[in-house]
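Numbering (my numbering), first residue to last: 22 to 241.
Each residue gets a CB set at the ideal place from its N, CA and C atoms; glycine is no exception.
If you're wondering where the values come from, they're calculated on a predicted model, not measured in any experiment.
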Amino acid sequence: MACSIYAFDAYGTLFDVHAAVRRHSAALGPDAAQFSTLWRAKQLEYSWVRTLAGRYQDFWALTEQALDFAFAATPSADPALRPHLLEAYRQLDCYPEVPELIRGLKREGKQLAILSNGTPDMLASAVSAAGLDGCFDAMLSVESIRAYKADSRVYDLATTHFRVYPEAVSFQSSNRWDIAGATAFGFRTVWINRTGAPNEYPDLSPAAVLPTLSGLVELG
Numbered sequence: 022m023a024c025s026i027y028a029f030d031a032y033g034t035l036f037d038v039h040a041a042v043r044r045h046s047a048a049l050g051p052d053a054a055q056f057s058t059l060w061r062a063k064q065l066e067y068s069w070v071r072t073l074a075g076r077y078q079d080f081w082a083l084t085e086q087a088l089d090f091a092f093a094a095t096p097s098a099d100p101a102l103r104p105h106l107l108e109a110y111r112q113l114d115c116y117p118e119v120p121e122l123i124r125g126l127k128r129e130g131k132q133l134a135i136l137s138n139g140t141p142d143m144l145a146s147a148v149s150a151a152g153l154d155g156c157f158d159a160m161l162s163v164e165s166i167r168a169y170k171a172d173s174r175v176y177d178l179a180t181t182h183f184r185v186y187p188e189a190v191s192f193q194s195s196n197r198w199d200i201a202g203a204t205a206f207g208f209r210t211v212w213i214n215r216t217g218a219p220n221e222y223p224d225l226s227p228a229a230v231l232p233t234l235s236g237l238v239e240l241g
């Protein structure tokens, strides 16, 4: 059965999380790539720990804290770049195939959502910067439940909003752990494996694996 609703993870799936550092890579110096990887890893780690501990802070606060850790762990990086990196993170580049894919799904009459750890302000800024204003029927943030992925309550935001069963939703994410959580919840899942990473969680397999979002429409 074809899905009527397409829900997308934001960071790493629609928007390139490394774009902020890439814009300032010359100023950051030779450790820029390592710095970006660490920033992202700590951002996610903090979200998992705070969900498990029941001590929620919003995703922008975690993004700032993770950036501060990356600076502390990377002596070659100049902390004066902090405000510039944070501003760049609010306006991340979307991946090249995203605009055409999103508009193609809209033309087919699909309902589209972003389902993200990001705050509403973060998501609105990213969508606007990508020129995708008005393309999504819903931008669903974990802020309303104060817990992060892969908590099942996050995925329930989509079924509650659209008043559907999980199997009506096709969920796309570049994060394998996110796909595992969404699969366990009952979504049809499509892993966007942009980095060619090895598979994990074999008991929670996606319905399909794609290297980019191109080709999603053909899955039906």
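Simplified DSSP state of residue i, which is helix, strand or coil
| i | result |
| --- | --- |
| residue 222 | coil |
| residue 97 | coil |
| residue 186 | coil |
| residue 200 | helix |
| residue 230 | strand |
| residue 32 | strand |
Where residue i falls, given that 16 or more other Cβ within 10 Å makes a residue buried
| i | result |
| --- | --- |
| residue 227 | buried |
| residue 76 | exposed |
| residue 78 | exposed |
| residue 175 | buried |
| residue 147 | buried |
| residue 197 | buried |
Run of the alpha helix (DSSP H) containing residue i, from where it starts to where it stops
| i | result |
| --- | --- |
| residue 110 | 103–111 |
| residue 123 | 119–128 |
| residue 57 | 53–74 |
| residue 144 | 141–150 |
| residue 42 | 40–44 |
| residue 240 | 237–240 |
Identity of the residues DSSP links to residue i by a beta bridge
| i | result |
| --- | --- |
| residue 160 | 135 |
| residue 191 | 27, 209 |
Would you say the stretch 129–147 touches the stretch 88–102, given that touching needs at least three Cβ pairs under 8 Å? no
State whether the stretch 26–35 contacts the stretch 174–191, with contact taken as three or more CB pairs (one from each stretch) at a distance under 8 Å. yes
Using a Cβ distance threshold of 8 Å, determine whether the stretch 165–179 contacts the stretch 201–214, with at least three qualifying pairs required. yes
Would you check if there are 3 or more beta carbon pairs closer than 8 Å linking the stretch 40–56 to the stretch 110–118? Between the stretch 40–56 and the stretch 110–118, the count of Cβ pairs shorter than 8 Å is three or higher; the stretches touch.
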